[in-house]
Amino acid sequence: MRGELSSPREERDACHSNHGTLYSGKSGAGERETETVYTTDPFNSIDDLSRSTSSSNVLELFPICVHEDIYEVAARARYILANWFGSTSHDINNIVILLSETCSNIVDHSGDAGIVTIQKYDRKRCIDVNLAIGDLGRGIRQSLMAVHGAVSDTCTGYIEQALNGLSARSGERGGQGLGAIRRIATESGGSLHIRSEMGSVLAQTSGTTTCDDLYFFPGTQIAITFRSKPVT
Amino acid sequence: MKRFEMTQLFALLGINGPDLLLRSYGQHAFPTLEHALKEVPPGQALLLDFAGVSVMDTSFADETVLELALGLSQDKYGDRWMVLEEPSPATIDNLEGTIARRKAKVALLIRKEDQMRLIGHVEPNLMEAWQLVYEKSELTARELADQLGLEINTASMRLRKLYDARLLARREEITPDGRQHIYMLPI
């Protein structure tokens, strides 16, 4: 793809520089909240997030700006997951799919950059892998409205439409990502929690819970729990 | 039969592998795969070898494999077939999910450890006919009708549908009773 798209690396560098409001700066911790939460300084993922690019323990906050970032995060995740799971490659493959599908929604639909992180929790009978993916972009409601007009009265309604296959892409293709994410997460015994603007939908094996009176928060934030069970 | 190693796409797409992800990358890969299919001599199959590919996600699959399968079933590529060899279980899940969510009336031939099977949308009576052909290696409409207790026209229609969907190949034979088609798997 390199050379075919318009310099993904340059796009990402520009993206990192232009989206300073996405992350909290480390300096000025004692200043007023509005000055400490947001910064317009150029983004340096290693220094600002104290990231170790060679860590095999955890995928720390990883910025997603262009498609190339998704391949990079998938490769890093594979390295870390192999350390966690050893040879249970089917779980690793499923988690890579979760990453790919969620992060591609950021690049394709949010109109903004995003951030992803992964953590592992050892339970008694399983390992929970938690993925958190977020952006401050246009959100699911606005993305769908731009293509389909008003199709629901609530933010939750738009999230559910997206889960059921309504795509923010014009034409018949697309709209499969969130459905695939829900299937993989819930079939593992885990969950998918989507929050966008004032609505949230929590999908679990036992069913779906919705909430539509949350405080407004821009963009889309997704929390996924993937449950990996030891091979018996 | 012509083999295309899917790992060749890594260099084309400028990625390290082992995954094939994202719609835009699938769109970029599609012309190469379509060219490979068109280069297969008529009457033969393109074998897409997934060795070395850990995961093909739904978006990539939608833009490549599903698009080729739809083209085959619409007779866009003539008398050619496509077989997917050794896709990972996660890739198969994604292919099935892609077909189901897009509500595409299309099925794919999968070869795994020398066993063939179908995934995707296949009506039960067609699946039954396909399975019989697979077990017998070759089958005529008359033989299928006898096996399943069907009218010859019904048996012939089922085999014809499987051929049109490029899930079976066939050759023509002239017998003292006239002309008949013998159906078989494409590889």
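Those protein sequences? They're chains A and B, same order as listed. Throughout, our numbering is defined as the position within the first sequence, counted from one, plus 866. Throughout, our numbering is defined as the position within the second sequence, counted from one, plus 8. Built from N, CA and C at the ideal position, the CB exists for glycine as well.
When you compare only the Cα positions, how much space is there between histidine 36 of chain B and leucine 28 of chain B? Here the question's residue 36 of chain B lines up with position 28 in the second sequence. Here the question's residue 28 of chain B lines up with position 20 in the second sequence. So the two alpha carbons sit approximately 11 Å from each other.
Of all the CB atoms in chain A, is at least one closer than 9 Å to the CB of valine 81 of chain B? Counting from 1 along the second sequence, the entry for residue 81 of chain B is found at position 73. A small fix is needed here, since residue 81 of chain B is serine in this sequence, not valine. It does not: the Cβ of serine 81 of chain B has no partner Cβ on chain A nearer than 9 Å.
Mark proline 929 of chain A as exposed unless 16 or more other C-beta atoms lie within 10 angstroms of its C-beta, in which case mark it buried. Counting from one through the first sequence, the residue named residue 929 of chain A turns up at place 63. So proline 929 of chain A counts as buried.
Using a C-beta to C-beta distance shorter than 7 Å, which residues of chain A count as neighbours of alanine 207 of chain B? Here chain B comprises residues numbered 9 to 195, so residue 207 of chain B is not present and cannot be evaluated.
Can you tell me the Cβ-Cβ gap for serine 984 of chain A and asparagine 996 of chain A, rounded? I've got them flagged as a contact below 8 Å. Mapped onto the first sequence, residue 984 of chain A falls at position 118. Mapped onto the first sequence, residue 996 of chain A falls at position 130. Note on identity: in this sequence residue 984 of chain A is isoleucine, with serine being the wrong assignment. Right, their Cβ atoms sit about 7 Å apart.
Could you tell me how far apart the beta carbons of threonine 218 of chain B and threonine 106 of chain B are, in whole angstroms, since I believe they sit closer than 8 Å? There is simply no residue 218 of chain B to check, as chain B begins at 9 and stops at 195 in what is shown.
Check the Cβ of lysine 933 of chain A against every Cβ in chain B and list those closer than 8 Å, keeping chain order. Against the first sequence, residue 933 of chain A aligns to sequence position 67. For clarity, residue 933 of chain A is histidine in the given sequence; the question names lysine instead. Listed along the chain, the chain B residues whose CB falls inside 8 Å of the CB of histidine 933 of chain A are Leu30, Ser32 and Tyr33.
If you count every other CB in all the chains shown that lies within 10 Å of the CB of cysteine 1077 of chain A, and 16 or more means buried, which is it? For the purposes of this step, residue 1077 of chain A is taken as residue 211 along the first sequence, with counting starting at 1. Under this definition cysteine 1077 of chain A is an exposed residue.
Could you say if the segment 131 to 142 of chain B and the segment 161 to 169 of chain B meet the contact criterion of at least three C-beta pairs nearer than 8 Å? Yes, the segment 131 to 142 of chain B is in contact with the segment 161 to 169 of chain B.
Thinking just about the alpha-carbon of each residue, which of A/Ala998, A/Ile1025 and A/Ser1036 is nearest to the one in valine 1067 of chain A? Position 201 of the first sequence holds residue 1067 of chain A. That would be A/Ile1025, whose Cα lies nearest to the Cα of valine 1067 of chain A.
Taking a contact to mean a Cβ-Cβ separation below 9 Å, would you say alanine 948 of chain A touches leucine 965 of chain A in this structure? Along the first sequence, one-based indexing puts residue 948 of chain A at 82. Along the first sequence, one-based indexing puts residue 965 of chain A at 99. Not a contact, by the Cβ cut-off of 9 Å.
Which chain B residues sit within Cβ distance under 7 Å of tyrosine 937 of chain A? On the first sequence, residue 937 of chain A is found 71 positions in, with the first residue counted as 1. Chain B residues near tyrosine 937 of chain A: Ile23 and Leu29.
Closer than 8 Å: aspartate 87 of chain B CB and nearest the ligand HEM heavy atom: Absent from the structure shown: the ligand HEM. Ligands present: none.
For a quick check, are the C-beta atoms of leucine 54 of chain B and tryptophan 89 of chain B less than 9 Å apart? Here residue 54 of chain B corresponds to residue number 46 of the second sequence, with the count starting at 1. Here residue 89 of chain B corresponds to residue number 81 of the second sequence, with the count starting at 1. Their beta carbons are under 9 Å apart, which means leucine 54 of chain B touches tryptophan 89 of chain B by this criterion.
For a cutoff of 9 Å on Cβ pairs, would you count aspartate 57 of chain B as touching chain A? To locate residue 57 of chain B, count along the second sequence from 1; it is residue 49. So, not an interface residue.
Which complete alpha helix (DSSP H) runs does the segment 932 to 985 of chain A hold, if anything under 4 residues is left out? Here the runs fully enclosed are 933 to 951 and 955 to 971.
Give me whichever residues DSSP pairs with asparagine 133 of chain B in a beta bridge. Numbered from its first residue, the second sequence carries residue 133 of chain B at position 125. Looking at the DSSP assignment, asparagine 133 of chain B forms no beta bridge with any residue, so it has no partner.
Relative to the C-alpha of glycine 1065 of chain A, which candidate in A/Glu967, A/Asp988 and A/Thr1020 has its C-alpha closest? Counting from 1 along the first sequence, the entry for residue 1065 of chain A is found at position 199. The shortest C-alpha separation from glycine 1065 of chain A is found at A/Thr1020.
With a Cβ-Cβ cutoff of 9 Å, do isoleucine 195 of chain B and valine 48 of chain B count as a contact? Start at 1 with the first residue of the second sequence, and residue 195 of chain B comes out as number 187. Start at 1 with the first residue of the second sequence, and residue 48 of chain B comes out as number 40. Taking the C-beta atoms as reference points, valine 48 of chain B is found no nearer than 9 Å to isoleucine 195 of chain B.
Chain A beta carbons: is any one of them nearer than 9 Å to that of threonine 106 of chain B? Position 98 of the second sequence holds residue 106 of chain B. Residue-level contact by beta carbon holds for threonine 106 of chain B and chain A, with a gap shorter than 9 Å.
Cα-Cα separation, leucine 30 of chain B to tyrosine 1081 of chain A: Taking the second sequence and counting its residues from 1, one reaches residue 30 of chain B at position 22. Taking the first sequence and counting its residues from 1, one reaches residue 1081 of chain A at position 215. Between the C-alpha atoms of leucine 30 of chain B and tyrosine 1081 of chain A there is a straight-line separation of about 32 Å.
Please list the partners that threonine 66 of chain B has in chain A, where partner means a Cβ-to-Cβ separation under 8 Å. By 1-based counting over the second sequence, the position of residue 66 of chain B is 58. Listed along chain A are Ile963, Glu967, Gln1042, Gly1043 and Ala1046, each with a C-beta nearer than 8 Å to that of threonine 66 of chain B.
If you drop the 5 nearest sequence neighbours on each side, which residues of the same chain put their C-beta closer than 7 Å to that of glutamate 180 of chain B? Position 172 of the second sequence holds residue 180 of chain B. Hits under 7 Å: Arg187 and His189.
For valine 73 of chain B, decide whether its Cβ has a neighbour in chain A, counting only Cβ atoms nearer than 9 Å. Residue 73 of chain B sits at position 65 when you count from the first residue of the second sequence. Not flagged as an interface residue toward chain A: valine 73 of chain B, since no C-beta distance is shorter than 9 Å.
For chain A, is any of its Cβ atoms less than 9 Å away from the one on serine 145 of chain B? The residue given as residue 145 of chain B occupies position 137 in the second sequence. Serine 145 of chain B does not count as touching chain A.
C-alpha distance - arginine 1035 of chain A paired with threonine 1052 of chain A, whole-angstrom precision: In the first sequence, counting from the first residue as 1, residue 1035 of chain A sits at position 169. In the first sequence, counting from the first residue as 1, residue 1052 of chain A sits at position 186. Using only the alpha carbons, I get a separation of about 25 Å.
Just to confirm, is the Cβ distance from methionine 64 of chain B to leucine 103 of chain B under 9 Å? As a working note, residue 64 of chain B is residue 56 in the second sequence. As a working note, residue 103 of chain B is residue 95 in the second sequence. In this structure, leucine 103 of chain B lies closer than 9 Å to methionine 64 of chain B by Cβ.
Please state if the CB of phenylalanine 38 of chain B and the CB of alanine 76 of chain B are separated by a distance shorter than 9 Å. Translated into positions along the second sequence, residue 76 of chain B becomes position 68. Translated into positions along the second sequence, residue 38 of chain B becomes position 30. The amino acid occupying residue 76 of chain B in the given sequence is leucine; alanine does not appear at that position. Yes, they are a contact pair.
Please classify asparagine 161 of chain B: is it buried, with 16 or more other beta-carbons within 10 angstroms of its beta-carbon, or exposed? Numbered from its first residue, the second sequence carries residue 161 of chain B at position 153. Its Cβ having fewer than 16 others within 10 Å, asparagine 161 of chain B is exposed.
Which two residues bound the contiguous beta strand (DSSP E) that contains isoleucine 118 of chain B? Along the second sequence, one-based indexing puts residue 118 of chain B at 110. 115 to 120 is the extent of the beta strand (DSSP E) around isoleucine 118 of chain B.
Quick one: using the 10 Å Cβ neighbour count with 16 as the cut-off for buried, is tyrosine 987 of chain A buried or exposed? Walking along the first sequence from the start, residue 987 of chain A turns up at place 121. Around the CB of tyrosine 987 of chain A, fewer than 16 other CB atoms lie within 10 Å, so the residue is classed as exposed.
Label glutamine 1087 of chain A either buried or exposed according to how many other C-beta atoms from any shown protein chain fall within 10 Å of its C-beta, with 16 as the threshold for buried. Taking the first residue of the first sequence as position 1, residue 1087 of chain A is located at position 221. Around the beta carbon of glutamine 1087 of chain A, 16 or more other beta carbons sit within 10 angstroms, so the residue counts as buried.
Note down the Cα distance separating alanine 59 of chain B from threonine 72 of chain B, rounded to an integer number of angstroms. What you label residue 59 of chain B is simply residue 51 of the second sequence in a count that begins at 1. What you label residue 72 of chain B is simply residue 64 of the second sequence in a count that begins at 1. For the pair alanine 59 of chain B and threonine 72 of chain B, the Cα-to-Cα distance works out to about 17 Å.
Check the DSSP bridge columns for histidine 189 of chain B and list the partner residues they point to. Here residue 189 of chain B refers to the residue found at position 181 of the second sequence. Under DSSP, histidine 189 of chain B shares a beta bridge with B/Glu180.
With distances taken Cα to Cα, identify the nearest neighbour of serine 1072 of chain A among A/Arg1049, A/Ser1094, A/Pro1084 and A/Glu1063. As a position in the first sequence, residue 1072 of chain A is number 206, starting the count at 1. Ranking A/Arg1049, A/Ser1094, A/Pro1084 and A/Glu1063 by Cα distance to serine 1072 of chain A puts A/Arg1049 first.
Measuring only the C-alpha atoms, how far is tyrosine 142 of chain B from proline 184 of chain B? Numbered from its first residue, the second sequence carries residue 142 of chain B at position 134. Numbered from its first residue, the second sequence carries residue 184 of chain B at position 176. Cα to Cα, tyrosine 142 of chain B sits roughly 27 Å from proline 184 of chain B.
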